[in-house]
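Reviewing the structure listed below.
Chains as they are written, first to last, in our numbering: chain A, 33 to 461; chain B, 94 to 612; chain C, 24 to 189.
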């Protein structure tokens, strides 16, 4: 399938950051259409029809999420834009923030109109300094030119947009962790229920949407929800950005229709494996997604297909690993990440991530045993369905993915105290 | 009012009740660490997970509200396995300190492990090292390694004492509970964090290494530190006097009373039991040739009786003055009124020291009146003016002054307590008033007798004898009964319970466990 | 010797006032206030915490909780330039370990350290910086530098030092 350029249309084009250029090329026409020609309900309907799903990781149908916000007027409603992209292997939102900030602002306006929101915050991870500056310039310009503020695009509709910088914590990408951080506290996720749609930011109904999810709204309103749905497969609507990295010749961001198989992304667009080596493993959706084996690359890239295969599309951070990679070492890197990022609030995640990291480190050093493999599975099994939030779920899935897809490597390590992959590499060299 | 079935038992509860609360009403105790009824819900320990029909995932019972028709199993295989796994996770970095940890024997980690755990540890790596045995305030010592991060103590300092000393710093398994550097945990309720800490992370400095908890016995009592009357437990050891240098009372703990102190106790009350063990009057004394000489009960009571009878015969009841004490129980005060007021005809009976300044009071538990039974003394009508009584003593109208428990140390007062009259002192500890007496009768503290106090709100609360009176001291009830006998007054009370019955028309056993209101 | 108390410059004070207007609750201004303070002071010292606690009307322990939770707040003085080398999976696959070892050699201090002349401090972090397409990469101050080789690293360090000299 060919690369589509909807949300990635302006990637690489600095001019798109300029509001006048953006408008001249059709920008903010969709927002105008929504505000002046459609009711909020009609906008939500269109989004439901489009089968647009959350593109930050959870894949929840966006239109449905908006509809959970109660219609009552006694409390203000908020939009929190999740620009805390920190899932390892994911960098697609950064591209939108750097190359097409106005598309994001336009999406924010469309969403706010649909749900009845007059105050939106973009929570951007603290490490994204350059994207923050570009985004801030765009927001300032939008205010100056009446795109945001008391009368959005001239309509009697008020919308205030503020950018809130994070300070370095992966857990702030979790919806309620993000809200806590926005409210000035540690990013400790909240107990659910209640859900943010009812009790969210400052205890008011809140929608939380990923950057890319909002960026797609312009095209959906321009050309219709059905059109967008038809680009995709079943209930996975439209196109999405895939962030390809690892052992590929052309790492980068690729916009493809939902349903494209991995093979195409890796070999056709990504140029294949560096040095034309053999593919060994692919992580399909950020490191929380269970790793796939090389023989699974014909799976179509949709939320549903990957769920069926025991993994997930998640944030579509596709990490490619070739035959030189030791999967125990890969798991070690992943385990170190989760142990470092666990917020520490609840028992299974706080201790589970630390325990797994310590065991895998020991196995990597050559001092592991068969029993350790059982312990790892046990720890992973009790990190799922027992925690406050999905970080523990993601870690658990990641660990189980490595252990069940590449059991021979782990067994070799614990039986022989060394790495067979490394040995083979050295033998070849 | 939704109905819920828990482990096959049905119950109707108020809207908004959580499953863990509903279970408790049925007498089912779901294991938990972070949940505490007096604090906000944290939902972080994950121990209280239960299985709920139609919900695929286990749910934490401390957070989930009862829905009508809910069916809950607290002890299904799935729930128990999950709890076991949570305990195993907590024990990963928990040090093997049981042999040197005071909490041993009342440790929730030990308790739930013995109930649910029972596995061999498969943890082979190094545990994280943190601060140990680190005093964080005048009463509390912290061991960060033992901490299971239930956050009860942090929530206490945020929500109950509202002093914000403690916080949870860092992230992941590097999280620690600590003070802000340079600060101390020195609010007036700091000791409560020791009660609520399920493990030995927060311990009492005063109690550290004193006595293993399985050697302690417990008795229900009421704090005598102020007019609030917080409900307490006295933990004592009399069976093994060779432990902790013969210290009888090892610690006080709060007792739950929803109307008075709920789960809490102030530090002054918690640590205010020194006087029970120290500086006590242990024997009767008589003044001979200007000096207080060690005596015995027979001689002391004989002298007391002689002085009272002589004064009565020569000058009548106007020559006798009684200063009772708001430290005494209702039963003691009732008996004083009976003996001195009714039978002897004394009119000058007071209780309130005019030199006692009101102390610190707050909007939580602490009352300015540092006596447990002022209200009781008021209600008994022992309300003559004490200054007048003392002035009359100084002036010579009152020839025999019977003082209970007071410590008159104001120069003005001491002036009036000159040698002109006979002063009989009945009290627990030595002080300047006792030293001026002619007869000193050693009495027992509240921990050594039965009785009731009436708190400032009019709530009558029962306290019970924990340890026997020290050395030769006797309870006020006993002393007054012996005195009445020598004065030939026909009293037939065998114990304070009889007095309570006569006063209130009720037995101790019939009392509401949370106290009886006056009126 | 007690350190001098901290307070915002008049300009930063104005900016803080403006930040407060963006949120309906005062508490929400804490993270931006700390970023501003770190920009002015270089790191969050106890004096900064004290000041922030006062202007935010918060118990100081709450400030410390937040500072210790997030990775980007420094609690001790760092170098004039701060480097964060990404050690996450995609960078590991492109040999970030060599870059880390090279930096260690060039700077002469282990990760977490500050060079003796105070010019550089650095960390090797497990967090993904969101630039996997240019792996192996690092962040120097605000900028991302990718497709690193030891030579490129040296160039970047040189440029930073030169900028200092001017």
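Built from N, CA and C at the ideal position, the CB exists for glycine as well. The model shown is predicted, which means the values in this text are computed figures rather than measured ones.
Only 88, 89, 92, 93, 94, 95 and 96 from the region 82-103 of chain C bring a Cβ to less than 7 angstroms from some Cβ of chain A. Nearest in C-alpha terms to residue 355 of chain A, of all of A:452, A:302 and A:409, is A:452. One finds nothing in chain B with a Cβ atom closer than 8 angstroms to the Cβ of residue 226 of chain A; even the nearest lies about 11 angstroms away. Counting along the chain, residue 70 of chain C sits inside the alpha helix (DSSP H) bounded by residues 69-79. With fewer than 16 other Cβ atoms inside 10 Å of its own Cβ, residue 448 of chain A counts as exposed.
In this structure, residue 588 of chain B places its C-beta atom within 8 angstroms of the C-beta atom of residue 543 of chain B. Between residue 125 of chain B and the set B:140, B:577 and B:133, the nearest pair of CA atoms involves B:140. In this chain, the beta strand (DSSP E) harbouring residue 312 of chain A covers 311-315. Annotation for residue 220 of chain B: 185, 186, 187, 188 and 238 place their beta carbon closer than 8 angstroms to its own, counting only its chain and skipping 5 residues before and after.
Closest by C-alpha distance to residue 79 of chain C, out of A:260, A:215 and A:446, is A:215. Residue 526 of chain B places its beta carbon 8 angstroms or farther from that of residue 549 of chain B. When secondary structure is reduced to three states using DSSP, residue 194 of chain A falls in the strand class. The DSSP-derived three-state label of residue 127 of chain A is helix. Contact fails between the region 350-367 of chain B and the region 45-56 of chain C, because fewer than three Cβ pairs, one in each stretch, are under 8 angstroms apart. Its Cα nearest to that of residue 98 of chain C, the residue C:86 stands out among C:151, C:86 and C:109. Against residue 374 of chain A, the close residues of chain B are 264, 265 and 266, in the order they occur along the chain (beta-carbon pairs closer than 8 angstroms). C:178 is the residue among C:178, C:27, C:61 and C:189 whose C-alpha sits nearest the C-alpha of residue 129 of chain C.
Close CB contacts of residue 200 of chain A within its chain, under the 7 angstroms cut and outside five residues either way in sequence, are with 158 and 159 (chain order). Secondary structure of residue 227 of chain A (DSSP, three-state): coil. For residue 175 of chain C, the closest Cβ of chain A is not nearer than 8 angstroms. With respect to chain A, the C-beta atom of residue 142 of chain B has a partner C-beta closer than 8 angstroms.
If you draw a straight line from the Cα of residue 351 of chain A to the Cα of residue 328 of chain A, it comes to about 14 angstroms. Three or more beta-carbon pairs separated by less than 8 angstroms link the region 154-168 of chain B to the region 100-117 of chain B, which places the two stretches in contact. Per DSSP, the unbroken alpha helix (DSSP H) holding residue 262 of chain A starts and ends at 257-263. Comparing alpha carbon positions, the residue from A:274, A:265, A:382 and A:285 closest to residue 337 of chain A is A:265. Put simply, the region 274-290 of chain A does not touch the region 163-180 of chain C. Fewer than three CB pairs are less than 8 angstroms apart. Take residue 334 of chain A, set aside five residues on each side of it, and the residues of its chain with a beta-carbon closer than 8 angstroms to its own are 264, 265, 266, 268, 290, 291 and 345, in chain order. Residue contact check for residue 128 of chain C against chain A: no CB pair falls below 8 angstroms. Beyond the five residues adjoining it in sequence on each side, residue 165 of chain C comes within less than 8 angstroms, by CB distance, of no other residue in the same chain. Distance between residue 164 of chain B and residue 590 of chain B, taken at the CA atoms: about 47 angstroms.
Residues of chain B with a Cβ closer than 7 angstroms to the Cβ of residue 451 of chain A do not exist, since the nearest Cβ in that chain sits about 20 angstroms away. In this structure, A:258 is the residue among A:437, A:258 and A:280 with its C-alpha nearest to the C-alpha of residue 84 of chain A. Using a 10 angstroms sphere on the CB of residue 218 of chain A, the tally of other CB atoms reaches 16 or more, which defines it as buried.
Annotation for residue 455 of chain B: no beta strand (DSSP E) segment contains it, and DSSP assigns it neither H nor E.
Interface with chain A (8 angstroms Cβ-Cβ cutoff): residue 59 of chain C is excluded.
Contact check for residue 465 of chain B against residue 322 of chain B passes: the beta carbons are separated by less than 8 angstroms.
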